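Inspection log for the structure reproduced underneath, given as C-alpha cells.
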DNA sequence: AAAGTTGTTGAACGAACGTTCGAGAACGCC
DNA sequence: GGCGTTCTCGAACGTTCGTTCAACAACTTT
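The structure is reproduced here in C-alpha cells:
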C-alpha cells in the first residue's frame, strides 16, 4: 500500500491514488464543501492536472461511489454462492457490509452521506447498483422470513431498519474504542435476527435446518 | 427598558418563517450546496435583509438545529415524567423521535445529515444537546437491560443501532407509501425489543464464531 | 411634528469556485 | 536524433459565494 507516491507512468495507479485521497477529502468536508483545490493539495497533483483523470467533479464522485458499491455488491454475490442456509446468508450480508465499512471508512461515508450529491446521469447509474443491492438484501430476508417471522412486520421496514443499523455506523464508529467487524456483525445480526423472528420459531428453524452444526455448544 | 417596550411588529414570526424555509432548502441541497441567495428566493426576503435575522449562514444552521433538537429533547423529558415502566419508556423514546421525524422531515434531515457542517463554537453547543439526548436514551436502555438482556451485547452498540434504525428513516421514508408514525414506531420497537431481550434459554443459537462459509453443508 | 427605533433593500466587495487552455516535459518507438 | 503519445502545469476564464453598508421606509414614542 503505497499511499505516499505513485509510480510514474502508471496512469491507472495514479487514478486510484486520486480516488483514495479524494474520498478522504469528501468524507471530511462533504462533496459540496470540498473544492477541487483541496483535492489537488491532498493528492499532490496540480489543479489542472487532475482534469486529465476525471472530466468533472461530479464524475470524480461518481467514480468513487461506483467502484466502491460495485465491489461490495460483487463480493457479496460471490460469497453468497457458497451459502444457502437463510440465517447464514443474512449474516454474510451484514458481515460483508460491515467489513467494507471498517476497512474503507472514507469511501463508505462518501457512498452513503453523499448519495444525493450526484446529478443525472451519474445519479441514475449509482441508483441502479443501489437497487440491485437492496433487492438482494430483500431476497435474503424473504428466505429468512419463510421460516417464520413476527406477524404484522413489513418486510420493507425490516430490511430498511437493518440498513439503518448498518449504515449508521459511519456516524459513530471509532476504531480506537469500538469493536472490530466480527463483533459488530454479531451484534447487528443478533438484534435483527431475534428482532424479526416469531417467538418460538427459533428452535423450529434450527431443528428443520437439517444440520445442527451451529447448535453444538 | 425590557418590559416597557411593546412587542415589535412580527419579527419573531418572520424568523420562524425563515427558519422553516431555510430548513427545506438545506434539506434539499445540503448546507454547503445551498446558497443564501437560494434562501432569499425561498423566503421572499432580500439577500441583505436576511442578515437582519441571523449574522451568518453558520448561525442560521445553528438556529435550525438547536431549536429542533431542544424541542425533541424537552418534549421527551416531559413525556417520560409520566411513565416509569422500562418498556413503555423505550417506546416513548422511539415514538417521540419518529413523530417529530415525520412531522418535521426537513428539520430532521438537516439535524442529522448536516451534523458535521457546523464549526466551533456552534458545533459544541449542538453536540452538548446531542450528548444529553444520547445519555437519556442510554439511561432508558439500562433500565430495560436490568430486566434481562442478550448476553455479550454491548449497550453502546445496542443504543447506537437503535438510533441507526430511527435516524435512517430520513433516507427512505415516503409519506405516500410508508406507514405513519405509530406503525413505524411499532416496527422499530418490535425489532429492538425482541432483538435485545434474552429470549428463553437458547440465546446461544447465534454462533459468535466467524467463517459462515463452511457451516452450510 | 420631530426624533428614534425597527425592518428592508440594491449595489457592491473580495474571495473562492469549477473548469479551460496552450505550452511544455517525459516517455516509447522508429 | 526525430516523432507522436502520454502526462503535467501555471495562468487565467467567467461565475457564484458569503457578507457588508449606506440609504430608506415604516412605525412608535416623545
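Protein chains in written order, with the working numbering: chain A, 31 to 247; chain B, 31 to 247.
Using N, Cα and C, we set each Cβ at its ideal position, and we do this for glycine too.
Please read all numbers here as calculations on a predicted model, not as lab measurements.
For chain B, check one thing: does any of its Cβ atoms lie closer than 8 Å to the Cβ of residue i?
| i | result |
| --- | --- |
| residue 60 (chain A) | yes |
| residue 103 (chain A) | no |
| residue 190 (chain A) | yes |
| residue 31 (chain A) | In this predicted model, residue 31 (chain A) has a pLDDT of only 34, less than 50, meaning its place in the structure is not dependable; the value taken from the coordinates is given anyway. Cβ-Cβ to chain B under 8 Å: no for residue 31 (chain A). |
| residue 106 (chain A) | no |
| residue 217 (chain A) | yes |
| residue 221 (chain A) | yes |
| residue 126 (chain A) | no |
| residue 49 (chain A) | no |
For chain A, find out if any of its Cβ atoms is closer than 8 Å to the Cβ of residue i; answer yes or no.
| i | result |
| --- | --- |
| residue 185 (chain B) | no |
| residue 171 (chain B) | no |
| residue 150 (chain B) | no |
| residue 210 (chain B) | no |
| residue 193 (chain B) | yes |
| residue 63 (chain B) | yes |
| residue 122 (chain B) | no |
| residue 147 (chain B) | yes |
| residue 180 (chain B) | yes |
| residue 204 (chain B) | no |
| residue 197 (chain B) | yes |
| residue 224 (chain B) | yes |
| residue 174 (chain B) | no |
How far does the alpha helix (DSSP H) with residue i in it extend, from its first residue to its last?
| i | result |
| --- | --- |
| residue 191 (chain A) | 185-197 |
| residue 130 (chain B) | 116-133 |
| residue 152 (chain B) | 152-175 |
| residue 101 (chain A) | 87-110 |
| residue 147 (chain B) | Taken as a continuous stretch (DSSP letters only), residue 147 (chain B) belongs to no alpha helix (DSSP H), as it is neither H nor E. |
| residue 56 (chain B) | 41-59 |
| residue 68 (chain A) | 66-73 |
| residue 78 (chain B) | 77-80 |
Going by beta-carbon coordinates alone, are residue i and residue j separated by less than 8 Å?
| i | j | result |
| --- | --- | --- |
| residue 159 (chain A) | residue 84 (chain A) | no |
| residue 53 (chain A) | residue 137 (chain A) | yes |
| residue 221 (chain A) | residue 222 (chain B) | yes |
| residue 40 (chain A) | residue 88 (chain A) | no |
| residue 139 (chain A) | residue 217 (chain A) | no |
Note to self: Taking 8 Å as the cut-off, does the region 83-99 of chain B touch the region 107-122 of chain B (at least 3 CB pairs, one atom from each stretch)?
What the structure shows: no
Margin query: Across the region 58-67 of chain A and the region 54-62 of chain B, are there enough close Cβ pairs to call them in contact, namely three or more that are closer than 8 Å?
Written below: yes
Item checked: Stretch-stretch touch, CB-based, cutoff 8 Å, three pairs: the region 139-155 of chain A with the region 167-187 of chain A -> no
Check: Can we say the region 192-201 of chain B touches the region 190-198 of chain A, given the rule of at least three CB pairs closer than 8 Å?
Finding: yes
Item checked: Meets three-Cβ-pair contact criterion under 8 Å: the region 120-132 of chain B and the region 179-190 of chain B -> no
Check: Does the region 203-213 of chain A come close enough to the region 125-145 of chain A that 3 or more CB-CB pairs lie under 8 Å?
Finding: yes
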